[in-house]
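Counting with the working numbering, you get residues 79 to 704 for the letters of the sequence shown. Read the structure below first, then the notes.
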Amino acid sequence: MRAFPSNKPIPPSKMPDLKSVLGEAVGAAFAAEGVDQALARVTPSDRPDLADFQSNGALAAAKALKANPRELAAKIAERLKGDPNLASVEVAGPGFINLKLSDAALARRAAEVAADGDHAGAAGVAAPRKVVIDYAGPNVAKPMHVGHLRSSIIGESLKRLFRFRGDQVWGDAHFGDWGFQMGLLIVAFQQRHPEEFLKAERAYHLGLTEADIDDLEREYQRLITLNDLEAWYPEAAAKAKEDSAFRDRARRATAELQAGNRHYRDIWEHFVSVSRVALEREFGALSVTFDLWNGESDADPLMPEMLDHLKATGLLVEDDGAQVVHVARPGETRKKKLADGSVIEAPSPPPLLVVSSEGSAMYGTTDLATILDRRKSIDPDLILYVVDERQAEHFEQVFRAAYLAGYAAEGSLEHLGFGTMNGSDGKPFKTRAGGVLKLHDLIAMATDKARERLREARLGDDLPAEEFEAIAHKVAIAALKFADLSNARTTSYVFDLDRFTSFEGKTGPYLLYQAVRIKSLLRRAAEQGVVECPIAIVEPAERDLALTLDAFSTAASDAYDKRMPHLVAEHAYRIAQSFSKFYAACPVLAAPDEATRGSRLALSAAALRQLETALNLLGIDTPERM
């Protein structure tokens with residue numbers, strides 16, 4: 079299952095955005111007045127009608143220097159007045175410095191965005207890193223459901239964003255393919271097909287030929303389907319809770335599997351293979367991909383080495399028959415109520431359970447061994463875990479144990495928790511019957527609604543049926559992904575398919591429509607022989623669009639630093655809004671002269687490039703037409 083594909087990042091753009099250029103200029107002006115450059119922060123203006131950017135650092139600097147803030151701001155402003163990127167520099171209020179960009183600077187920047195094919199004007203990181211992103215967490219025999227949606231969508235977007243910024247990134251599905259659930263499935267298979275199971279057992283004991291192995295593989299393919307696994311697992315899990323004999327059989331089967339029982343390993347491999355085919359199909363429908371399909375089983379060979387090391391370093395200690403690693407620091411405690419009603423001070427976080435009193439490896443054991451495995455195979459600078467916020471304490475335990483053991487550098491492990499997708503009742507989204515909705519069914523629901531929306535809007539009526547279906551699918555995925563990613567990662571949101579699939583408002587379909595509208599404009603321009611010309615910024619709507627394009631670099635950088643893809647989603651929406659205003663105020667093909675037509679066409683092309691780039695970072699594909 080292990081593979082290391084080529085996943086080299088595309089070299090990021092080296093062109094600085096105008097905000098960064100102004101920041102350097104203002105910093106130099108502050109320094110020339112004997113002021114700490116750290117105070118020379120440049121931000122978008124609170125009053126875009128008065129200025130494009132502002133710097134408020136003179137107030138804090140004046141206080142430190144015991145000077146008059148307005149006088150200090152005036153001196154700094156005077157030093158900036160010769161900057162060719164600025165049309166005006168003015169002091170306002172008690173010492174605010176208002177900065178308005180020149181039309182020439184905005185035109186040059188828009189041209190840079192248009193010419194930057196891979197990054198649309200967004201700068202990359204100064205020092206690229208090796209990064210592993212662990213997301214989705216699919217399991218053998220368990221169908222993908224809505225609970226996997228946020229992890230998959232957020233993780234895919236972060237993978238794209240980190241690679242876009244210049245890091246070398248491995249997206250890892252971290253397949254749940256080991257442990258007690260496998261023993262349950264093996265025993266379930268044995269109960270349903272006892273004759274075939276016994277026949278295979280005898281063949282393994284007697285020694286298998288290649289022909290025997292081929293026969294067994296064909297037999298397993300006939301007897302074990304994905305539908306079988308999905309039905310067997312919940313039944314077996316329920317029976318294990320009620321029937322101690324069944325539970326013990328499953329535990330023995332798990333132990334034999336992990337000890338290398340060849341028959342059980344072959345059955346297990348078929349479980350994994352069947353599940354993976356289905357999971358790849360589900361992820362493919364979401365445009366979610368992985369560089370690694372490593373499972374919990376990949377870390378199993380490292381278990382003996384890890385346990386020996388933990389024992390040798392004194393980290394692994396006995397606790398009530400189990401073996402644990404204490405991760406709480408001195409003084410870190412919380413109240414714990416015991417069975418007899420008494421309350422004690424207990425370590426917080428609790429110790430990491432590594433080996434149970436029954437001798438079994440635990441969930442945390444596998445996670446810790448996986449960190450060691452990744453260090454040996456990739457040696458990443460950073461590992462990000464995109465997992466439900468409710469797992470926060472578990473990851474705190476695992477991370478602390480990894481730091482103590484020397485398996486990772488302090489601060490190199492991050493749990494990126496997220497909120498839940500809820501129904502209208504505010505609780506995690508369920509089916510009308512109260513069950514967990516399968517991801518396949520959710521995508522089908524969204525696609526049905528997308529078809530309906532397209533027909534309501536009379537979009538795609540003239541297209542072949544196959545192309546219409548492909549567009550409906552893209553609209554559905556855009557609706558689901560943008561609805562998720564337009565919310566901050568840490569917040570929960572309410573599932574509202576009617577709102578998500580609308581072509582109006584802050585939605586994925588609206589963004590796709592805007593992208594398609596620009597593509598249609600470019601096609602009509604080509605048919606009319608209109609060609610792109612040097613960009614000139616004259617009208618207010620042109621200025622607004624150019625300023626929006628310049629802001630992409632900051633949006634991508636902030637999303638990267640904060641691990642918050644919604645900042646890219648917000649920017650994508652701003653591009654669409656800004657272009658819509660520009661399109662209404664500044665006719666492109668009906669412009670009065672060739673230079674203006676060509677300039678506005680080039681500005682439209684730059685907007686499309688950046689909008690598609692931003693949507694791609696969100697994992698959203700745009701159709702060519704609707």
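Yeah, the Cβ is synthetic: ideal placement off N, Cα and C, and Gly gets one too.
Can you give me the start and stop residues for the beta strand (DSSP E) that residue i sits inside?
i            : result
arginine 531 : It is not in any beta strand (DSSP E) - arginine 531 instead sits in the alpha helix (DSSP H) that spans 517 to 534.
tyrosine 342 : First-last for tyrosine 342: 340 to 363, but that is the alpha helix (DSSP H), not the beta strand (DSSP E).
lysine 414   : 411 to 415
alanine 390  : Unbroken run through alanine 390 is the alpha helix (DSSP H), 381 to 390; no beta strand (DSSP E).
proline 216  : Per DSSP, proline 216 belongs to no beta strand (DSSP E) and is neither H nor E.
leucine 491  : 491 to 493
leucine 618  : As written in the sequence, residue 618 is proline, which differs from the leucine given in the question. Here proline 618 belongs to no beta strand (DSSP E); instead the alpha helix (DSSP H) covers 618 to 628.
alanine 170  : 164 to 170
leucine 430  : 430 to 433
Could you tell me which residues DSSP pairs with residue i in its beta bridges?
i              : result
threonine 397  : Reading the sequence as shown, one finds aspartate at residue 397 and not threonine. DSSP, once it has assigned bridges, lists Ala400 as partnering aspartate 397.
histidine 223  : Lys516
serine 133     : Ile175
tyrosine 20    : Residue 20 lies beyond the residue range present for the chain, which begins at 79 and ends at 704; the question has no answer from this structure.
threonine 121  : Gln132
isoleucine 422 : Lys414
glycine 254    : Asn217
proline 506    : Asn500
alanine 406    : According to DSSP, alanine 406 bridges with nothing at all.
glycine 202    : For glycine 202, which the question treats as bridged, DSSP gives no partner whatsoever.
leucine 370    : Asp250
For the alpha helix (DSSP H) containing residue i, name the first residue and the last one.
i              : result
tryptophan 310 : 304 to 320
histidine 283  : 272 to 284
glutamate 672  : 672 to 695
serine 98      : 96 to 110
glycine 249    : Element bounds for glycine 249: not the alpha helix (DSSP H) but the beta strand (DSSP E), 246 to 250.
alanine 483    : 470 to 483
lysine 208     : Premise fails: lysine 208 lies in the beta strand (DSSP E), 208 to 213, not in any alpha helix (DSSP H).
leucine 460    : Segment 460 to 464 is the beta strand (DSSP E) holding leucine 460; no alpha helix (DSSP H) there.
arginine 645   : Before going further, note that residue 645 is leucine rather than arginine in the sequence given. 644 to 663 is the span of the alpha helix (DSSP H), which, as asked, contains leucine 645.
glutamate 545  : 543 to 563
valine 666     : Run containing valine 666: none; DSSP gives neither H nor E here.
valine 191     : 181 to 193
lysine 709     : It is not possible to answer for residue 709, since the shown part of the chain is limited to 79 through 704.
glutamate 288  : 288 to 301
alanine 152    : 147 to 158
threonine 444  : 441 to 455
Am I right that residue i and residue j are in contact with their C-beta atoms under 8 Å? What's the rounded C-beta distance?
i                 : j              : result
phenylalanine 560 : alanine 200    : So it is not a contact: roughly 19 Å between Cβ atoms.
aspartate 198     : threonine 691  : With the sequence shown as reference, residue 198 is identified as alanine, and aspartate is not the correct amino acid for it. The pair is a contact, with the Cβ atoms about 4 Å apart (cut-off 8 Å).
valine 208        : isoleucine 456 : Residue identity check: residue 208 is lysine in the sequence provided, not valine. Indeed, because the Cβ distance is near 6 Å, the residues count as touching under 8 Å.
histidine 518     : glutamate 360  : 6 Å
glutamate 617     : alanine 680    : So it is not a contact: roughly 14 Å between Cβ atoms.
valine 120        : leucine 100    : 5 Å
glycine 257       : valine 203     : That pair is no contact at about 37 Å.
alanine 266       : alanine 314    : 4 Å
alanine 139       : aspartate 161  : Their Cβ separation, rounded to whole angstroms, is 19 Å, which puts alanine 139 and aspartate 161 out of contact at 8 Å.
Measure from the C-beta of residue i to each C-beta in chain B and report whether the shortest distance is under 8 Å.
i              : result
tryptophan 256 : Going by chain labels, chain B is absent from the structure shown, which holds only one protein chain.
Quick check: does the Cβ of residue i come within less than 7 Å of any heavy atom belonging to the ligand FMN?
i           : result
alanine 136 : Among the ligands in the structure shown, none appear at all, so the ligand FMN cannot be discussed.
Practice task
Specify whether the region 420 to 428 and the region 398 to 412 touch according to this definition: at least 3 beta carbon pairs, one from each stretch, less than 8 Å apart.
Solution key: yes
Exercise for the section: Taking 8 Å as the threshold, find out whether the region 307 to 322 comes into contact with the region 206 to 224 through three or more Cβ pairs. Expected result: By the Cβ rule, the region 307 to 322 counts as touching the region 206 to 224, because three or more pairs are nearer than 8 Å.
Practice task
Could you tell me whether the region 576 to 589 touches the region 521 to 537, where touching means 3 or more Cβ pairs closer than 8 Å?
Solution key: yes
Exercise for the section: Decide if the region 668 to 678 is in contact with the region 634 to 651; the criterion is three or more beta carbon pairs, one per stretch, under 8 Å apart. Expected result: no
Handout entry: Sufficient close CB pairs (3 or more, under 8 Å) joining the region 438 to 458 to the region 470 to 480
Key = Yes: the two stretches touch, three or more of their Cβ pairs being nearer than 8 Å.
Handout entry: Stretch pair the region 281 to 292 + the region 226 to 233: three plus CB contacts closer than 8 Å
Key = The region 226 to 233 and the region 281 to 292 do not touch, with fewer than three beta-carbon pairs separated by less than 8 Å.
Exercise for the section: Spell out a yes or no on whether the region 125 to 144 and the region 163 to 182 are touching, meaning 3 or more CB-CB pairs, one atom from each, closer than 8 Å. Expected result: yes
Practice task
Report yes or no: do three or more beta-carbon pairs, one from the region 328 to 335 and one from the region 376 to 387, lie closer than 8 Å?
Solution key: Short answer: they don't touch.
Problem - Touch test, the region 621 to 628 against the region 636 to 646, Cβ-Cβ under 8 Å, three pairs minimum - result: Note that the region 621 to 628 does not touch the region 636 to 646; fewer than 3 beta-carbon pairs, one per stretch, sit closer than 8 Å.
Practice task
Examine the Cβ distances between the region 538 to 551 and the region 255 to 271 and report whether three or more of them are shorter than 8 Å.
Solution key: no
Handout entry: Meets three-Cβ-pair contact criterion under 8 Å: the region 149 to 162 and the region 101 to 116
Key = yes
Handout entry: Touching by the beta-carbon criterion (3+ pairs, under 8 Å), the region 455 to 470 and the region 488 to 497
Key = yes
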